[in-house]
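Below is one structure; the comments refer to it alone.
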Amino acid sequence: MSYTQRETPVLAELCTYLVEDHYGELAGRVYSILARYGRQTLHQMVRNSYLNRRQVSLGIVTLVQSHLIFHSSAVSPLAYYEIDWQQSYTLVRFGKIVKLVEARFGKNASTVIGNLLEHGHTRIGDLKNALFPPAEKDDHDEDEDEDEQVVNGTGLKRKRANGTHTNGTHAKVNGINGLTNGAFDGATVAGAEHGGGHDGSLRTVEEFYDAIEVLMQNGWVMKVDPIQYLGAGDYHQIAEDRARQQLWAGDAPPGIKAKNELHKHTLHFKRSIRDAWSEPPQFLPRKRKGNEQSNKRVKVNGANSWAAGGGDSGFGSALEELPIRLNRDKVAVAMRTEQLVRLVEQRLGPTTARIYEIMIRSVESDIPRCFEEWPQPVDPKATEEEKAANAPPLHLVTAHEVEKQTKDFDICEGLDPQAVSKITGRHLDKHGKLDYPVDPLTLGHHERLQLVHTHIELLSKDPFHFVTWHSRAGHSQWHIEFDGIAKGLIQHEIENTVQARNPQYGLKLVRALRRKGKLDERQACIAMMMPANDIRVVVNDLTVQGFIQTQEVPKVERREAKQSVHLIWYDRQRAREKLLHDTYKGMIRILQRIAFEKGKVQLALSKAERSDVIGNESIYLTRDELTQLNEWKATEEKLLLQLEREDDLVAVLRDFYGPLISP
């Protein structure tokens with residue numbers, strides 16, 4: 008469920024571009040109708056478009072399968088459709104999501120995630136059959152049944168001596184062949200011979216099951232529930248009906264206190280329903296480890312021995328029927344980790360960034376989302392014990408836990424030589440450097456622990472306060488204030504943008520207003536130590552751009568400029584929304600530029616994509632066509648890199664701290 012935000016026309020245009028690029032013109036046109044008119048029924052969509060009912064229905068099927076639109080018939084007999092803006096924007100992150108999963112869980116997990124991104128959701132059994140299709144038997148093979156065996160648990164025929172496949176079993180199954188439009192590389196569906204070849208992708212069904220189990224245990228894959236198709240209003244209505252049924256047997260709340268109690272229970276039901284989606288199922292115990300080789304088994308009636316949920320599999324028949332999809336909240340958590348590590352690397356060096364990455368990764372699996380969309384209301388009359396009980400849990404990390412994972416790199420790098428000398432007992436030369444390098448393999452446990460503690464202290468003393476000291480238990484405990492860091496990141500991005508647009512006095516004015524609050528012109532002159540004429544120019548510029556706000560308060564009844572007080576103030580939330588709006592605009596222009604540059608070389612691209620030309624470009628393409636293709640690849644790489652940077656900015660402004668609502 009996406010939190011409430013302002014669906015601006017710019018965001019609608021951006022998402023329409025993405026949907027059309029990934030799912031074709033028909034789905035893009037149906038999506039644009041909902042983006043333009045809002046919540047619609049099928050009849051209204053047909054009436055508001057130049058498409059017939061069948062075309063609109065086909066487009067809706069594609070969008071519903073990919074979870075790009077909500078649909079509901081609980082409120083009325085008619086089914087209403089509305090856009091899921093958060094899921095629609097996620098289309099731009101498909102390649103990034105696959106890379107994040109591959110960096111954490113390996114190539115097998117990224118293959119599974121890639122197919123879930125392609126198809127929206129699927130049953131575990133259907134995805135397994137698509138990745139490892141059961142062999143088909145014909146009359147030509149009836150006399151060779153004794154040669155049919157289960158190879159590595161795939162339930163497929165052996166490879167023929169001449170290296171060919173029978174009945175074309177190497178072809179694509181159900182059209183699953185990786186993400187469209189080059190969203191990621193290498194995460195394609197396995198072939199029928201050995202489930203992915205030797206490129207590091209899935210080879211056996213057991214690897215597929217292991218990848219599914221790891222992803223579900225870590226919260227990256229969640230169960231599909233019909234409630235997930237409901238819009239925010241319908242979802243709230245269901246939770247409120249359940250709360251009313253529990254409290255007053257379906258009756259209306261009798262008073263103000265009862266309404267507050269209803270609101271509290273409604274939020275509780277919304278959280279409980281959502282959290283149940285991410286709870287992993289109970290996997291059956293395995294008889295052997297996943298990295299052990301399986302013996303060949305004789306195939307029974309041509310069926311895959313894993314499909315029945317017996318043997319070594321941790322998946323029973325019920326789990327085979329379980330529909331799954333990507334958990335979008337974990338993507339934001341992983342992106343936050345990557346951005347914080349990059350920021351630490353820029354400010355404190357790669358070694359300290361590695362220490363910080365270890366700290367965040369150790370608690371990342373216990374963090375389901377970046378922020379709570381439906382927090383429990385704070386009771387002003389609650390005691391300190393009750394407030395502490397309702398407070399979010401602290402994810403603590405000790406220096407001892409970090410030290411165990413730092414034995415594969417030099418932890419002395421990035422530290423002051425004086426501190427290293429004090430810990431290790433080495434001497435410094437006259438230039439303040441160590442006499443000879445410190446071998447990290449010769450360091451004792453206590454020395455390594457002190458060096459790790461020094462890195463953590465650097466993180467805590469940084470202006471961003473990447474970590475916060477908690478207690479001395481376990482060789483000092485630390486926790487990460489993600490909300491405070493996210494606020495600092497938002498302010499940092501706003502200040503960078505203001506400084507780039509008004510490099511002389513813009514940043515100075517924003518910081519003065521943030522520190523002092525609302526100021527009139529005279530107070531602003533004192534705070535900035537500048538004349539009024541210079542301040543007026545900066546104020547007008549930043550007001551037009553939307554980064555600061557102005558207000559005219561009349562002193563007398565009649566409205567006159569001389570008899571009014573002109574106040575200036577800075578609102579971080581409004582500046583955040585304005586910068587996010589401008590970022591959406593920039594992403595639209597990048598997508599338009601990509602389409603324009605691609606149109607210039609469309610003839611050469613069409614020729615290069617022919618099956619007889621692929622791999623033989625130097626033979627069939629002219630020198631000018633090769634030059635055009637090389638220039639297009641370089642241009643596309645630059646534009647996609649800029650698009651990725653814009654997406655990182657969107658994540659900082661929208662996904663790490665929320666909700667994105669102005670009071």
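Each position in the sequence shown, counted from 1, maps to that position plus 7 in my numbering.
Every residue gets a Cβ at the ideal spot worked out from N, C-alpha and C, and that includes glycine.
The three-state secondary structure of S478, taken from DSSP, is strand.
Taking a C-beta distance under 8 Å as the contact criterion, I501 and R583 qualify as a contact pair. When the alpha-carbon of S483 is set against those of T449, R349, S467 and L574, the nearest one is in S467. Note: H486 is bridge-paired with L403 and T475 in the DSSP secondary-structure output. In the DSSP assignment, F77 falls within the unbroken beta strand (DSSP E) covering I76 to S79. According to the DSSP assignment, L333 belongs to the beta strand (DSSP E) that extends over P330 to L333.
Nearest to R661 by C-alpha distance, out of H407, V340 and K429, is V340. Within the model, the alpha-carbon separation for R43 versus Q244 is close to 25 Å. In this structure, A250 places its C-beta atom within 8 Å of the C-beta atom of L269.
The DSSP-derived three-state label of D548 is helix. DSSP places P387 outside both helix and strand once states are collapsed to three, so it counts as coil. Counting along the chain, V572 sits inside the beta strand (DSSP E) bounded by residues S571 to W576.
Around the C-beta of N115, 16 or more other C-beta atoms lie within 10 Å, and the residue is accordingly described as buried. In the structure shown, the three-state DSSP call for Q244 is helix.
The Cβ-Cβ distance between T550 and H462 does not fall below 8 Å. Approximately 5 Å separates the beta-carbon atoms of P330 and H128; this is inside 8 Å, confirming the contact. Per DSSP, the unbroken alpha helix (DSSP H) holding I40 starts and ends at E32 to Y44. Under the three-state reduction of DSSP, D91 is assigned to coil, being neither helix nor strand. With a 10 Å radius around the Cβ and a threshold of 16 neighbouring Cβ atoms, M536 comes out exposed. Between E653 and G606, the gap from beta carbon to beta carbon reaches 8 Å or more. Contact annotation: the stretch 506 to 519 does not touch the stretch 423 to 434, with fewer than three C-beta pairs closer than 8 Å.
Under the three-state reduction of DSSP, D527 is assigned to strand. In the three-state scheme derived from DSSP, where H, G and I count as helix and E and B as strand, E559 is classed as strand.
The beta carbons of R455 and I418 sit about 7 Å from each other, so the pair counts as a contact at 8 Å. Between K515 and P384 a beta carbon distance of about 39 Å is seen, past the 8 Å cut, so the two are scored as non-contacting. A contact between stretches requires three or more CB pairs, one per stretch, nearer than 8 Å, and the stretch 45 to 64 fails this requirement with the stretch 123 to 139.
Bounds of any beta strand (DSSP E) do not take in V231, whose DSSP letter is neither H nor E. Annotation: K440 to D446 spans about 15 Å, alpha carbon to alpha carbon. Judged by beta-carbon spacing, L656 lies beyond the 8 Å limit of I597, meaning their Cβ atoms are not closer than that value.
Separation of the CB atoms of V409 and V459 is rounded to 5 Å, and the pair is thereby assigned contact status at 8 Å. Rounded to the nearest angstrom, the gap between the Cα atoms of V370 and W227 is 15 Å. For R130, the secondary structure class from DSSP, reduced to helix, strand or coil, is strand. Taking F276 as the centre and dropping the five residues before and after it, the same chain places the C-beta of A246, R249 and A250 closer than 6 Å to its C-beta, in chain order.
Exposure of E564 is indicated by the presence of fewer than 16 other C-beta atoms within 10 angstroms of its C-beta.
Distance check between L648 and each of R61, V99 and R36 places V99 closest, using alpha-carbon atoms only.
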